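Trainee: The sequence shown begins at 12 in this note's numbering and counts up by one. Idealized CB from N, CA, C, for every residue including glycine. On a predicted model such as this, the values are computed, not experimentally measured, just so you know. There's a structure below that I have some questions on.
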Amino acid sequence: MKGSTKSALLGAAFLMATSAIGPGFITQTTVFTQQLLTSFGFVILVSIILDIAAQLNVWRIIAVTEMRAQDLANNLLPGMGYVLAILIVAGGLVFNIGNVAGAGLGMNVIYPFDTDPGRPVMGAAISAAIALLIFWIKEAGVAMDWFAKILGFIMIALTLYVAISSQPPVGEAIYRSFVPVSIDTTAIVTLVGGTVGGYISFAGAHRLLDAGIKGEQQLPQVTRSSVSAILLASLMRILLFMAALGVVTHGGVLNSKNPAASVFQIAAGDAGYKIFGIVLWSAAITSVVGSAYTSISFLRTLHPVFDKYQRLITTLFILISMGIFAFLRQGAVQWLVVAGALNGLILPLSLALLLAAVFKKKLMGDYKHPVWLAVAGWIVVVIMSIMGATAILSLTLNA
């Protein structure tokens, strides 16, 4: 395997994983750990299984058809690609507002650029400028791959340190991952939606198409890359879970306004708080890049103008996200909750469309999609549809 191909495969895995690991990912993991304690391990285990089933189907089908998801949807059902693109871009924009806000919060922890920590507009603006720089570099794809890999490794290493420092009950967590005290379907929907929902699952798949890694002959590499992406995101989830679990089980009281920051500070003192800033900023800025890249990739083939002015439109996407946050009265957390719910609901639709394409010979050629994988994909569609409806109903009744 050529070095450039290997780098692109790893870069695609990190792009998808770091797109998933954003401010909402960190906050949700901490909050659910506080609520479910060791039983949250079961939620993580179920979500990993559902994530892999969804991701394998999405990446393999896109690789074989050599089409982006919106083009495949249009070929399957004329006009559906436009509907899917609108949903993905809308969800990506809402999510990106929270990502920009999270980048500002993280930067403000590292160095206080803003006098009001609750409104880190300056930190968010600097972070947005860094994201734009990535897209305006001549070899933007290569730069994006390296950016995701470097910050991905930094996040995992620093969170591992904090997880060890918090001394979690590892044995009990493993046991309850298989024998939970309670099961929270809302938590499962949130985790799956936040890992492979909306634009996230397509981030790496579309990146591989741009890198020329496509076709049935590339399926072994595509499969490994797709599973690696889920395992990377899941590793970060598990480390955050362990860090928070150790703090909570040892009597630590988390700040309701910023529970994740409390975990890092209680576990590792002032140094831990600075580590939290680095992890949060890394998670947020890579999600800004992943969200912008993938959202615009859904527009590129719908009209020539989107492809011709890709960098300019990507710039506008990030600037609009930044502008909305700057004038936003509502907190970033509320936006992240809305985006997580939207992305969780988009997943069954997008995955069902791709699975339906498996039966179209004009799209798949002589390729035979594994029956077990298709069945697993449809199970994810059914489970996420039912759980998503249940979660929305529960949130509505509790509002």
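Is Pro270 buried or exposed, if buried means 16 or more other CB atoms sit within 10 Å of its CB?
Mentor: In the sequence shown, counting from the first residue as 1, residue 270 sits at position 259. By the neighbour-count rule (16 or more Cβ atoms within 10 Å), Pro270 is buried.
Trainee: At what residues does the alpha helix (DSSP H) containing Gln232 begin and finish?
Mentor: Counting from 1 along the sequence shown, the entry for residue 232 is found at position 221. Its alpha helix (DSSP H) spans residues Leu230 to Thr260.
Trainee: Which runs of the beta strand (DSSP E) at least 3 residues long sit entirely within the segment 103 to 146? Give them in chain order.
Mentor: Runs found: none.
Trainee: Once DSSP output is grouped into helix, strand and coil, what is the label at Gln66?
Mentor: The residue given as residue 66 occupies position 55 in the sequence shown. DSSP places Gln66 in helix when its eight states are reduced to three.
Trainee: Please determine if the segment 308 to 324 and the segment 67 to 84 are in contact, where contact requires at least 3 C-beta pairs separated by less than 8 Å.
Mentor: Yes, since at least three Cβ pairs between the segment 308 to 324 and the segment 67 to 84 fall closer than 8 Å, the two stretches touch.
Trainee: Roughly how many angstroms separate the alpha carbons of Leu365 and Ser212, rounded to a whole number?
Mentor: Here residue 365 refers to the residue found at position 354 of the sequence shown. Here residue 212 refers to the residue found at position 201 of the sequence shown. Each residue's Cα considered, the two are about 12 Å apart.
Trainee: So, using beta-carbon positions, are Gly35 and Tyr210 closer together than 7 Å?
Mentor: On the sequence shown, position 24 is the one that residue 35 refers to. On the sequence shown, position 199 is the one that residue 210 refers to. In this structure, Tyr210 does not lie closer than 7 Å to Gly35 by Cβ.
Trainee: Short of 6 Å in beta carbon distance, which residues of its chain neighbour Ala198, apart from the five on each side in sequence? Order them along the chain.
Mentor: Within the sequence shown, the letter at position 187 stands for residue 198. Phe43 and Val54.
Trainee: Counting pairs of beta carbons, one from the segment 368 to 388 and one from the segment 52 to 71, are three or more of them closer than 8 Å?
Mentor: Contact between the segment 368 to 388 and the segment 52 to 71 is present, because at least three Cβ pairs lie under 8 Å.
Trainee: Rounded to a whole number of angstroms, what is the C-alpha to C-alpha distance between Ala112 and Gly257?
Mentor: The residue given as residue 112 occupies position 101 in the sequence shown. The residue given as residue 257 occupies position 246 in the sequence shown. So the two alpha carbons sit approximately 28 Å from each other.
Trainee: Are the beta-carbon atoms belonging to Thr49 and Glu183 less than 7 Å from one another?
Mentor: For the purposes of this step, residue 49 is taken as residue 38 along the sequence shown, with counting starting at 1. For the purposes of this step, residue 183 is taken as residue 172 along the sequence shown, with counting starting at 1. Against a cut-off of 7 Å, the Cβ pair of Glu183 and Thr49 comes out as a contact.
Trainee: Buried or exposed: which applies to Lys160, given that a residue is buried once 16 or more other Cβ atoms fall within 10 Å of its Cβ?
Mentor: Walking along the sequence shown from the start, residue 160 turns up at place 149. Buried, by the Cβ-count rule.
Trainee: Give me, in chain order, the residues of the same chain whose beta-carbon lies closer than 6 Å to that of Ala240; leave out the 5 immediate sequence neighbours on both sides.
Mentor: The residue you call residue 240 lines up with position 229 of the sequence shown. Within the same chain, Ala240 has close Cβ partners Ala24, Met27, Ala28 and Gly215.
Trainee: What's the gap between the Cα of Phe275 and the Cα of Gln45?
Mentor: The sequence position of residue 275 within the sequence shown is 264, counting from 1. The sequence position of residue 45 within the sequence shown is 34, counting from 1. When rounded, the distance between both Cα atoms is 14 Å.
Trainee: Following the continuous alpha helix (DSSP H) through Glu183, name the residue where it begins and the one where it ends.
Mentor: Counting from one through the sequence shown, the residue named residue 183 turns up at place 172. Note, Glu183: alpha helix (DSSP H), Val181 to Phe189.
Trainee: Taking C-beta to C-beta, are Ile37 and Ala294 nearer than 7 Å?
Mentor: Position 26 of the sequence shown, counting from 1, holds the residue named residue 37. Position 283 of the sequence shown, counting from 1, holds the residue named residue 294. A contact, by the Cβ cut-off of 7 Å.
Trainee: Could you have a look at His314 and say whether DSSP puts it in helix, strand or coil?
Mentor: Taking the sequence shown and counting its residues from 1, the one referred to as residue 314 is at position 303. Here His314 sits in coil by DSSP.
Trainee: Of the choices Phe287, Leu219 and Lys285, whose alpha-carbon is the least far from that of Thr234?
Mentor: Residue numbering aside, residue 234 sits at position 223 when the sequence shown is read from its first letter. Thr234 has its Cα closest to that of Leu219, out of Phe287, Leu219 and Lys285.
Trainee: Give me the Cβ distance between Val392 and Leu362, rounded to the nearest whole Å; I'm assuming they're in contact under 8 Å.
Mentor: Translated into positions along the sequence shown, residue 392 becomes position 381. Translated into positions along the sequence shown, residue 362 becomes position 351. About 5 Å; that satisfies the 8 Å criterion.
Trainee: Please list, in chain order, all residues of the same chain as Gly93 whose beta carbon is under 8 Å from its beta carbon, the five residues on each side excluded.
Mentor: As a working mapping, residue 93 is identified with position 82 in the sequence shown. According to the sequence as given, residue 93 is Tyr; it is not Gly. Hits under 8 Å: Gln81, Asn85 and Leu313.
Trainee: Can you tell which of Trp383, Phe287 and Ile329 has the C-alpha that lies nearest to the C-alpha of Ala140?
Mentor: The residue you call residue 140 lines up with position 129 of the sequence shown. Considering only alpha carbons, the answer is Ile329.
Trainee: If you reduce the DSSP assignment to three classes, tell me which class Met78 lands in.
Mentor: Counting from one through the sequence shown, the residue named residue 78 turns up at place 67. Coil at Met78, not helix or strand.
Trainee: Just reading off the alpha helix (DSSP H) that Leu291 is part of, what are its end residues?
Mentor: Position 280 of the sequence shown, counted from the first residue, corresponds to residue 291. Run containing Leu291: Pro270 to Ser308, per the alpha helix (DSSP H) assignment.
Trainee: With 16 as the cutoff for other CB atoms within 10 Å, does Ser193 come out buried or exposed?
Mentor: In the sequence shown, counting from the first residue as 1, residue 193 sits at position 182. Ser193 comes out exposed.
Trainee: Please confirm whether Ala367 and Leu374 have their CB atoms less than 7 Å apart.
Mentor: Here residue 367 refers to the residue found at position 356 when the sequence shown is read from its first residue. Here residue 374 refers to the residue found at position 363 when the sequence shown is read from its first residue. No; because the gap between Cβ atoms is not below 7 Å, this pair is not in contact.
Trainee: Starting from the C-beta of Arg187, find all residues in its chain whose C-beta is less than 7 Å away, skip the five residues before and the five after it, and write them out in chain order.
Mentor: As a first step, residue 187 must be located in the sequence shown, where it is residue number 176. Around Arg187: Thr49, Ser50, Gly52 and Phe53.
Trainee: Let's test the definition: count the other Cβ atoms within 10 Å of the Cβ of Pro131 and tell me whether it reaches 16, buried, or not, exposed.
Mentor: Taking the first residue of the sequence shown as position 1, residue 131 is located at position 120. When all chains shown are included, Pro131 counts as buried.
Trainee: Using a threshold of 7 Å, state whether the C-beta atoms of Ala135 and Phe336 are closer than that.
Mentor: For the purposes of this step, residue 135 is taken as residue 124 along the sequence shown, with counting starting at 1. For the purposes of this step, residue 336 is taken as residue 325 along the sequence shown, with counting starting at 1. Going by C-beta atoms, Ala135 is nearer than 7 Å to Phe336.
Trainee: The alpha helix (DSSP H) spanning Met34 covers which residue range?
Mentor: Counted from its first residue, the sequence shown places residue 34 at position 23. A small fix is needed here, since residue 34 is Pro in this sequence, not Met. Counting along the chain, the alpha helix (DSSP H) containing Pro34 begins and ends at Pro34 to Leu47.
Trainee: Among residues of its own chain, excluding the 5 on either side of Ser273, which ones have a beta-carbon nearer than 6 Å to its beta-carbon?
Mentor: Translated into positions along the sequence shown, residue 273 becomes position 262. Only Leu265 and Asn266 meet the Cβ criterion.
Trainee: Report yes if the C-beta distance between Ser176 and Ala279 is below 7 Å; otherwise report no.
Mentor: Numbered from 1 along the sequence shown, position 165 holds the residue referred to as residue 176. Numbered from 1 along the sequence shown, position 268 holds the residue referred to as residue 279. A contact, by the Cβ cut-off of 7 Å.
Trainee: Should Ala303 go down as buried or exposed, given a rule of 16 or more other Cβ atoms within 10 Å for buried?
Mentor: Taking the first residue of the sequence shown as 1, we reach residue 303 at position 292. Under this definition Ala303 is a buried residue.
Trainee: Taking only the alpha-carbon atoms, compute the straight-line gap between Ile324 and Pro179 and give it to the nearest angstrom.
Mentor: Your numbering for residue 324 matches position 313 in the sequence shown. Your numbering for residue 179 matches position 168 in the sequence shown. Spanning the two alpha carbons is a distance of roughly 45 Å.
Trainee: Could you give the residue range of the alpha helix (DSSP H) that holds Leu220?
Mentor: On the sequence shown, residue 220 is found 209 positions in, with the first residue counted as 1. Looking at the DSSP string, the run of the alpha helix (DSSP H) that includes Leu220 is Ile211 to Asp221.
Trainee: Can you tell which of Ile296, Val57, Val181 and Ile397 has the C-alpha that lies nearest to the C-alpha of Ile165?
Mentor: Within the sequence shown, residue 165 is the residue found at index 154, counting from 1. Checking every option, the nearest Cα to that of Ile165 belongs to Ile296.
Trainee: Using C-beta distances below 6 Å, list every residue in its chain close to Leu162, excluding the 5 sequence neighbours before and after it, in chain order.
Mentor: Stepping through the sequence shown from its first residue, residue 162 is reached at position 151. So the list reads Ser293 and Thr297, once near-sequence residues are dropped.
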